[in-house]
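Below is one structure, written out as structure tokens; comments come after it.
Set out below in structure tokens:
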């Protein structure tokens, strides 16, 4: 592991190994199936078809981004594939929409956001160490202010709407 993060072997600038990404996506899909089961009671077997479609769409988008070379980011390719698969009238689109509809996307986002929040690099730890206790105080004030502001706005909206 490098001093500033994981040692990732990139073949070219800005590209990565498709097989490594496919494996990471597979792990994320398994975690997503478990999260969907725990959060909404949909068994992994019932949600497997939808997750397989999302997995294939994601890997296909990554492969197109790497090998087509139009300069589009992988998220654009993934979105394009997903849009094409779900256009009404496209053969199989009703099945795709039904299978993916069994997945709760909020429960899929929760593990991803948790990982994003926990994925700190050594540079970020160095900044936190050099900032000392003051950064902790600022962070607590920001979080408290955000929470209280959200609560006030929610209370106002609830009082207005009844």
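Residue numbers (the working numbering): 807 to 968. The C-beta atom is built at its ideal place from N, Cα and C for all residues, glycine as well.
Out of the options, which has the shortest C-alpha to C-alpha gap to residue i?
i: residue 827; options: 853, 865, 859; result: 865
i: residue 823; options: 916, 871, 834; result: 871
i: residue 834; options: 965, 952, 917; result: 917
i: residue 911; options: 829, 825, 840; result: 840
My guess is that residue i and residue j are in contact by the Cβ rule of under 8 Å, so how many angstroms apart are they, rounded?
i: residue 903; j: residue 892; result: 5 Å
i: residue 914; j: residue 838; result: 4 Å
i: residue 831; j: residue 861; result: 6 Å
i: residue 863; j: residue 888; result: 5 Å
Rounded to whole angstroms, what's the CA-CA distance from residue i to residue j? Just pull it up for me.
i: residue 950; j: residue 959; result: 14 Å
i: residue 906; j: residue 869; result: 21 Å
i: residue 901; j: residue 894; result: 11 Å
i: residue 859; j: residue 921; result: 23 Å
i: residue 934; j: residue 945; result: 11 Å
Given a threshold of 16 other Cβ atoms within 10 Å of its Cβ, counted over all protein chains shown, does residue i qualify as buried or as exposed?
i: residue 909; result: buried
i: residue 967; result: exposed
i: residue 955; result: exposed
i: residue 867; result: buried
i: residue 936; result: exposed
Would you say the beta carbon of residue i is closer than 6 Å to some non-hydrogen atom of the ligand GDP?
i: residue 917; result: No copy of the ligand GDP occurs in the structure displayed, which carries no ligand at all.
- Would you check if there are 3 or more beta carbon pairs closer than 8 Å linking the region 920 to 927 to the region 840 to 847? no
- Item | Contact the region 871 to 885 vs the region 929 to 938: 3+ CB pairs below 8 Å | no
- Task: Answer yes if the region 934 to 953 comes into contact with the region 854 to 868, meaning at least three C-beta pairs across the two stretches below 8 Å, and no otherwise.
- Result: no
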